[in-house]
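Beneath this line is the structure, given in structure tokens, with notes to follow.
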Amino acid sequence: MRQLLARTLAVAAATLAVTATAPAPAPSAASTDCPRLTGRWHGDARAHLQRLVDERGTCSRPGGPRPVAAFDWDNTVTKNDVTDATLSWALRHDRILRPARWRDTSAWLTPAADRALTTACGTRVPVGAPLPTSRDARCTDEIAVIRDSGTTTSGAPAFAGTWNHRRTVPQYAWVPQLFAGHTPAELSGYARAARREALAAPVGAVRTLGTRTVPGYVRYYDQQRDLIRTLRRAGFDVYIVSAGAAPITQVWSRSLGFDAAHTLAIRSVLDRGGRLTTRTEGCGGVPAGPGTVIPYIDGKRCWINQEIHGVHGPAAWQRRPWAERPALAAGDADTDATFVGDATGVHLVLDRNKPELMCRALDDADGRWLIQPMFIDPLPRRTAPYPCATTAYNAPGGGGSPLLRPDGSTVPDLSEGPSPS
Numbered sequence: 018m019r020q021l022l023a024r025t026l027a028v029a030a031a032t033l034a035v036t037a038t039a040p041a042p043a044p045s046a047a048s049t050d051c052p053r054l055t056g057r058w059h060g061d062a063r064a065h066l067q068r069l070v071d072e073r074g075t076c077s078r079p080g081g082p083r084p085v086a087a088f089d090w091d092n093t094v095t096k097n098d099v100t101d102a103t104l105s106w107a108l109r110h111d112r113i114l115r116p117a118r119w120r121d122t123s124a125w126l127t128p129a130a131d132r133a134l135t136t137a138c139g140t141r142v143p144v145g146a147p148l149p150t151s152r153d154a155r156c157t158d159e160i161a162v163i164r165d166s167g168t169t170t171s172g173a174p175a176f177a178g179t180w181n182h183r184r185t186v187p188q189y190a191w192v193p194q195l196f197a198g199h200t201p202a203e204l205s206g207y208a209r210a211a212r213r214e215a216l217a218a219p220v221g222a223v224r225t226l227g228t229r230t231v232p233g234y235v236r237y238y239d240q241q242r243d244l245i246r247t248l249r250r251a252g253f254d255v256y257i258v259s260a261g262a263a264p265i266t267q268v269w270s271r272s273l274g275f276d277a278a279h280t281l282a283i284r285s286v287l288d289r290g291g292r293l294t295t296r297t298e299g300c301g302g303v304p305a306g307p308g309t310v311i312p313y314i315d316g317k318r319c320w321i322n323q324e325i326h327g328v329h330g331p332a333a334w335q336r337r338p339w340a341e342r343p344a345l346a347a348g349d350a351d352t353d354a355t356f357v358g359d360a361t362g363v364h365l366v367l368d369r370n371k372p373e374l375m376c377r378a379l380d381d382a383d384g385r386w387l388i389q390p391m392f393i394d395p396l397p398r399r400t401a402p403y404p405c406a407t408t409a410y411n412a413p414g415g416g417g418s419p420l421l422r423p424d425g426s427t428v429p430d431l432s433e434g435p436s437p438s
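The opening residue of the sequence shown carries number 18 in this note's numbering; numbering runs sequentially from there.
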């Protein structure tokens, strides 16, 4: 009862604060004509989401502008990472082409990583030919560990140098860079094969990749599928914004009705022959480069502003006015913290114990944050406090720093408490 009263007071206070600076939603006189959510949600989340549909959808405001909803993909719409599933399939089917030099695959690859990959994968295979990773566990392990942890199998840093840690992370950008030399159609074909395999595997399945054990299945979350369908029927313009490779994410998003224009992900620059290169498209006035700007933390805001609202140049990095921000945004990790926080109606968070995102969600500054356990095989709640006041914020120069609210105050360390019995 105390929690319900506190939440009611917080929502009321947030509503008063928002209405002073933002247009209020139109009355939902026609809300009975709006589509209804049917998915099973934790707590009162479905009621809050339905209220957003009723109040903000064109179903209750005929002729009004279409509100935007934006979803991260991996572990937000699906259980498990579809880019990792595709890389796993490619390594088990010899689809990675040998580069002339491994250091050419990423501007930030360290000499230690270059040596480790050269030693593990050898030089016998001609440059541009497929590496025999299906039977060369050492090469597969080196590639997979660098992608997963950002270190070599011996523990040395695999990436070093200078980059904005709120705009990119080299090991994410490295996945599409590993497929340089392939066409987008070829990479899409690998993604389709991986999708068939991952959907056919039973929930909980694992597989061996090199000498390591990795998840062997992927599932669409039924609740998110229903939410996306309901939002569309209510007149929302729904987008995916992902730090995965665009040809891969598009294969998976297509079955939920997303076209390429509504699937924002890492876009590789193509060479004159139409093949993927190690360069990626830019955003917010930052030109194409070696993965300098991808849809990652602040980069997700940039891509939303640029591709959805047509805002170009440095302005794309800034929080837009109320009417130019998503009504709903959903994510599961720190990479989603900025765009999920930009939402004006509901900030939907799947709990994967990620500090920056969870600190914002638990602080619930505007009373509009909804936290849900993962719908399949959820993690236990973290009982130790999140380090919100010290290191939760991913600083642009690297490392952590205190997480601040919009008014400049510091978010205190916060805890979820034990899982409900």
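Think of the CB as a built atom: it goes at the ideal place given N, C-alpha and C, for glycine as much as any other residue.
Could you check which residue in D254, I388, P149 and R118 has the C-alpha nearest to that of R83?
-> Taking the sequence shown and counting its residues from 1, the one referred to as residue 83 is at position 66. Of the candidates D254, I388, P149 and R118, the one whose C-alpha sits nearest the C-alpha of R83 is D254.
What is the DSSP secondary structure of Q12, counted as helix, strand or coil?
-> Any question about residue 12 goes unanswered here, given that the chain covers just 18 to 438.
What span of residues does the beta strand (DSSP E) with R229 cover, start to end?
-> Stepping through the sequence shown from its first residue, residue 229 is reached at position 212. R229 -> beta strand (DSSP E) spans R229 to P232.
Along the chain, where does the alpha helix (DSSP H) that runs through G358 open and close?
-> Looking up residue 358 in the sequence shown gives position 341. Run containing G358: A354 to D359, per the alpha helix (DSSP H) assignment.
Using the rule of at least 16 other Cβ atoms within 10 Å of the residue's Cβ for burial, across every protein chain shown, is R1 buried or exposed?
-> The question about residue 1 has no answer here: the residues shown for the chain are numbered 18 through 438.
For S105, count neighbouring Cβ atoms within 10 angstroms of its own Cβ and tell me buried if that reaches 16, exposed if not.
-> Here residue 105 refers to the residue found at position 88 of the sequence shown. Classification for S105: buried.
Pick out whichever of R229, R109 and V144 has its Cα sitting closest to the Cα of S151.
-> As a position in the sequence shown, residue 151 is number 134, starting the count at 1. Cα-wise, what sits closest to S151 is R109.
Under a three-way DSSP split, which group does L244 fall into?
-> As a first step, residue 244 is located in the sequence shown; it is residue number 227 there, counting from the start. Correct three-state label for L244: helix.
Three or more C-beta pairs closer than 8 Å, one from the segment 378-391 and one from the segment 356-363: is that the case here?
-> yes
Segment contact flag, the segment 76-94 with the segment 163-180, C-beta cutoff 8 Å, min 3 pairs = no
For L420, which residues of its own chain have a beta-carbon under 6 Å away from its beta-carbon, when the five flanking residues on both sides are left out?
-> Mapped onto the sequence shown, residue 420 falls at position 403. Around L420: C376, C405, A409, Y410 and V428.
Pick out whichever of F392, A218 and A133 has its Cα sitting closest to the Cα of K96.
-> Your numbering for residue 96 matches position 79 in the sequence shown. Closest option to K96, Cα to Cα, is F392.
Which whole-angstrom value is the C-beta distance of V223 and T230, which I expect to be below 8 Å?
-> In the sequence shown, counting from the first residue as 1, residue 223 sits at position 206. In the sequence shown, counting from the first residue as 1, residue 230 sits at position 213. Indeed, because the Cβ distance is near 5 Å, the residues count as touching under 8 Å.
Span separating the alpha-carbon of L54 from that of A177 = Taking the first residue of the sequence shown as 1, we reach residue 54 at position 37. Taking the first residue of the sequence shown as 1, we reach residue 177 at position 160. Those two C-alpha atoms are separated by around 46 Å.
Tell me whether L287 is buried or exposed, calling it buried when 16 or more other Cβ atoms sit within 10 Å of its Cβ.
-> Stepping through the sequence shown from its first residue, residue 287 is reached at position 270. Exposed is the call here.
Could you say which of D89, V186 and G145 lies nearest to A412 if we only look at CA atoms?
-> Working through the sequence shown from its first residue, we reach residue 412 at position 395. Considering only alpha carbons, the answer is V186.
Would you list the residues sitting across from D91 in a DSSP beta bridge?
-> Translated into the one-based positions of the sequence shown, residue 91 becomes position 74. DSSP lists T95 as partners of D91.
In angstroms with no decimal places, state the Cα-to-Cα distance between R112 and P232.
-> As a first step, residue 112 must be located in the sequence shown, where it is residue number 95. As a first step, residue 232 must be located in the sequence shown, where it is residue number 215. Taking the straight line joining both Cα atoms gives about 20 Å.
Do A344 and L69 have their C-beta atoms closer together than 8 Å?
-> Here residue 344 is taken as the residue at index 327 of the sequence shown, counted from 1. Here residue 69 is taken as the residue at index 52 of the sequence shown, counted from 1. In this structure, L69 lies closer than 8 Å to A344 by Cβ.
If I'm right that Y238 touches V94 with Cβ under 8 Å, what's the distance once you round it to whole angstroms?
-> Walking along the sequence shown from the start, residue 238 turns up at place 221. Walking along the sequence shown from the start, residue 94 turns up at place 77. At roughly 6 Å, the Cβ-Cβ gap stays under 8 Å, so Y238 and V94 are in contact.
Assign V144 to buried or exposed, taking buried as 16 or more other Cβ atoms, counted over all protein chains shown, within 10 Å of its Cβ.
-> Counting from one through the sequence shown, the residue named residue 144 turns up at place 127. Flag for V144 reads exposed.
Are the C-beta atoms of P82 and some chain B residue less than 8 Å apart?
-> Chain labels in this structure do not include chain B; a single protein chain is all it has.
Between D89 and the rest of its own chain, which residues show a CB-CB distance below 7 Å, the 5 nearest in sequence each way excluded?
-> Along the sequence shown, read from residue 1 onward, the residue named residue 89 stands at position 72. Only V258, S259, A347, G348, D349 and D353 meet the Cβ criterion.
S259 in three-state terms, based on DSSP = Position 242 of the sequence shown, counted from the first residue, corresponds to residue 259. S259: strand per DSSP, three-state reduction.
Quick one: give me the first and last residue of the beta strand (DSSP E) that R422 is part of.
-> Here residue 422 refers to the residue found at position 405 when the sequence shown is read from its first residue. No beta strand (DSSP E) holds R422; DSSP gives it neither H nor E.
Pick helix, strand or coil for L103, following the three-state DSSP scheme.
-> Counting from one through the sequence shown, the residue named residue 103 turns up at place 86. Note that residue 103 is Thr in the sequence shown, not Leu. Here T103 sits in helix by DSSP.
Cα separation between W314 and D351?
-> Reading the sequence shown from its first residue, position 297 is the one you call residue 314. Reading the sequence shown from its first residue, position 334 is the one you call residue 351. A quick correction: the sequence has Ile, not Trp, at residue 314. Between I314 and D351, the C-alpha separation is close to 7 Å.
Output the distance between the C-alpha atoms of S272 and A211, rounded to the nearest integer angstrom.
-> Residue numbering aside, residue 272 sits at position 255 when the sequence shown is read from its first letter. Residue numbering aside, residue 211 sits at position 194 when the sequence shown is read from its first letter. One C-alpha to the other measures close to 14 Å.
For C76, which residues of its own chain have a beta-carbon under 8 Å away from its beta-carbon, when the five flanking residues on both sides are left out?
-> Residue mapping note: residue 76 aligns to position 59 of the sequence shown, counting from 1. Same-chain partners within the cutoff: A47, S48, D50, C51, P52, V70, R250, A251 and G252.
Quick one: what's got a C-beta closer than 8 Å to T454's C-beta in the same chain, skipping five residues either side?
-> Given that the chain is displayed from residue 18 to residue 438, the structure contains no residue 454 and the question cannot be resolved.
Nearest CA to the CA of A202: which residue from L293, A282 and H279?
-> By one-based count along the sequence shown, residue 202 stands at place 185. When each option's Cα is compared against that of A202, the closest is L293.
Neighbourhood of D380 by C-beta distance below 6 Å, restricted to the same chain and skipping five residues each side = By one-based count along the sequence shown, residue 380 stands at place 363. The residues are V428.
Look up L134 in the DSSP assignment and give the residues it is bridged to.
-> Translated into the one-based positions of the sequence shown, residue 134 becomes position 117. Answer is none; L134 lacks a bridge partner.
S386 by DSSP, collapsed to three states: which one?
-> What you label residue 386 is simply residue 369 of the sequence shown in a count that begins at 1. Sequence check: residue 386 is Trp here, not Ser. Three-state result, W386: strand.
Put T157 into one of helix, strand or coil per three-state DSSP.
-> In the sequence shown, residue 157 corresponds to position 140, counting from 1. Of the three classes helix, strand and coil, the one that applies to T157 here is helix, per DSSP.
L26 - DSSP class collapsed to helix/strand/coil = Counting from one through the sequence shown, the residue named residue 26 turns up at place 9. Low per-residue confidence applies at L26: pLDDT is 37, beneath 50, and the placement is therefore not dependable, though the value from the model is reported in the following sentence. The answer is helix: DSSP assigns L26 an H, G or I state.
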